[in-house]
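Numbering (this note's numbering), first residue to last: 6 to 263. The C-beta atom is built at its ideal place from N, Cα and C for all residues, glycine as well. Since the model is a prediction, treat every value here as computed from it, not as a measurement. Each remark here refers to the structure printed beneath this line.
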C-alpha cells in the first residue's frame with residue numbers, strides 16, 4: 006500500500022492507496038513544531054485506526070510547502086520507515102510536467118502534482134483551482150506543461166482578516182447564505198465570502214482560459230482543496246470537483262519514480 010502525504014500551510018492530508026484505489030484519508034493540522042517522532046506517532050495512529058498494520062505500507066510519496074515540516078518528515082521516513090521507498094516531490098524528482106516559469110524552483114510542489122493529476126485525468130488545457138490557505142490557480146497547456154498561475158488570499162485568511170480589522174465583525178462559520186442580499190451581519194459575511202470568492206474564481210478562470218487557447222470550451226477547470234465545498238457549487242466555470250487531486254498526483258509521481 007502507498008501512503009501519500011500532502012503537507013500544506015494549515016493542514017496535512019494523508020491518503021492510503023491500494024493500486025489506484027484510495028482506501029483511507031485523514032486530515033490533521035500542520036504544526037511546524039512537531040518532531041519526526043511525533044509525526045511517526047500521528048502516522049501510525051491514523052493507519053492503525055483504519056485497521057491496517059504499519060508493515061502494509063510499502064511506499065510513501067509526499068509534497069510539502071512547509072520547509073520545517075518537510076525536514077521532520079524526512080527524518081521520520083529515515084528512522085521509522087527506512088526500508089520503505091519514499092519519494093519527496095522536489096527539484097530533481099521526475100513528474101513528467103515541464104515547468105514553463107522564470108524560476109521553476111519557486112513553484113510549490115503541490116501545484117506541480119495537481120497539474121500532473123489534472124492533465125492525466127482530464128487532459129489539457131486545464132486550470133486547477135486549489136482552495137487552501139491561499140486560493141491558487143494553475144494553468145496547464147494542451148501539451149501538459151505547467152505554464153503559470155495566480156495566487157490570492159484563501160477563504161479562512163479573508164474571514165480572519167475581517168474579524169481582526171472590523172470592529173463590529175466577528176469570526177463565523179461560513180455556510181451558503183439564503184440570498185445574496187443579506188438581512189443581518191452574519192449572513193452578509195456569508196454572502197460576501199461565498200459569492201465573492203465564486204466571482205473571483207470565475208473571473209480569473211475566464212481570463213486564464215482565454216490565454217491558454219482560442220476555444221475556451223476546450224479548457225477543463227478542476228477544483229480541489231479542503232475549502233472547495235464552501236464555494237464550488239456557486240462557481241459557473243468549474244467542471245470537476247476532485248477533492249483528492251493532490252493525493253492522486255502523488256500516487257502518479259511515485260509510480261513514475263519507482
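Query raised in the report: Along the chain, where does the beta strand (DSSP E) that runs through residue 158 open and close?
Result: If you look at residue 158, you'll find it in the beta strand (DSSP E) that goes 151-158.
Query raised in the report: Roughly how many angstroms separate the alpha carbons of residue 129 and residue 9, rounded to a whole number?
Result: Going by the C-alpha atoms only, they are around 24 Å apart.
Query raised in the report: Pick from 95, 47, 76 and 228: whose alpha carbon is nearest that of residue 127?
Result: Closest option to residue 127, Cα to Cα, is 228.
Query raised in the report: Where do the N-terminal and C-terminal ends of the beta strand (DSSP E) with residue 239 fall, by residue?
Result: Note, residue 239: premise wrong, no beta strand (DSSP E); not H, not E.
Report task. Could you tell me the boundaries of the beta strand (DSSP E) in which residue 133 lies? Result -> Counting along the chain, the beta strand (DSSP E) containing residue 133 begins and ends at 131-136.
**Report entry** Helix, strand or coil at residue 223 [DSSP, three-state]
**Finding:** In the three-state reduction of the DSSP assignment, residue 223 falls in the helix class, which pools H, G and I.
Report task. Indicate whether residue 131 and residue 225 have their beta-carbon atoms separated by less than 8 Å. Result -> Taking 8 Å as the Cβ cut-off, residue 131 and residue 225 qualify as a contacting pair.
Query raised in the report: By how many angstroms is the C-alpha of residue 125 removed from the C-alpha of residue 180?
Result: Whole-angstrom Cα-Cα distance: 33 Å.
Query raised in the report: Is it true that the region 144-152 meets the region 94-108, where meeting means three or more beta-carbon pairs spaced less than 8 Å apart?
Result: The region 144-152, when compared against the region 94-108, does touch it at the 8 Å Cβ threshold.
**Report entry** Local conformation of residue 65 per DSSP, three classes
**Finding:** If DSSP states are grouped into helix, strand and coil, residue 65 belongs with the strands.
Report task. Tell whether a beta-carbon distance below 8 Å holds between residue 12 and residue 78. Result -> Against a cut-off of 8 Å, the Cβ pair of residue 78 and residue 12 comes out as a contact.
Requested in this report: Please name the residue in 230, 253 and 222 whose C-alpha comes closest to that of residue 241.
Outcome: Closest in C-alpha terms to residue 241, from the list 230, 253 and 222, comes 222.
Query raised in the report: What do you get for residue 172, buried or exposed, if any count of 16 or more other CB atoms within 10 angstroms of its CB means buried?
Result: With a pLDDT of 47 at residue 172, under the threshold of 50, the modelled position of this residue cannot be trusted; read the value that follows with caution. Result: exposed.
Query raised in the report: Can the beta-carbon of residue 290 be found closer than 8 Å to that of residue 161?
Result: Lying outside 6 to 263, the shown extent of the chain, residue 290 is not represented and no answer is given.
**Report entry** residue 71 versus residue 14 - alpha carbon distance
**Finding:** Their backbone Cα atoms lie some 6 Å apart in a straight line.
Query raised in the report: Ends of the alpha helix (DSSP H) at residue 254?
Result: First-last of the alpha helix (DSSP H) with residue 254: 250-262.
Query raised in the report: To the nearest whole angstrom, what separates the beta carbons of residue 89 and residue 262, a pair I think is in contact under 8 Å?
Result: The pair is not a contact, with the Cβ atoms about 14 Å apart (cut-off 8 Å).
Query - Beta-carbon proximity list for residue 214, same chain, < 7 Å, skipping 5 on both sides - result: Counting only residues of its own chain and dropping the five nearest sequence neighbours on each side, residue 214 has a CB closer than 7 Å to the CB of 132, 221 and 224.
Query raised in the report: residue 25 by DSSP, collapsed to three states: which one?
Result: DSSP places residue 25 in coil when its eight states are reduced to three.
Query raised in the report: Taking the alpha-carbon positions, what's the residue 16 to residue 188 distance?
Result: Those two C-alpha atoms are separated by around 33 Å.
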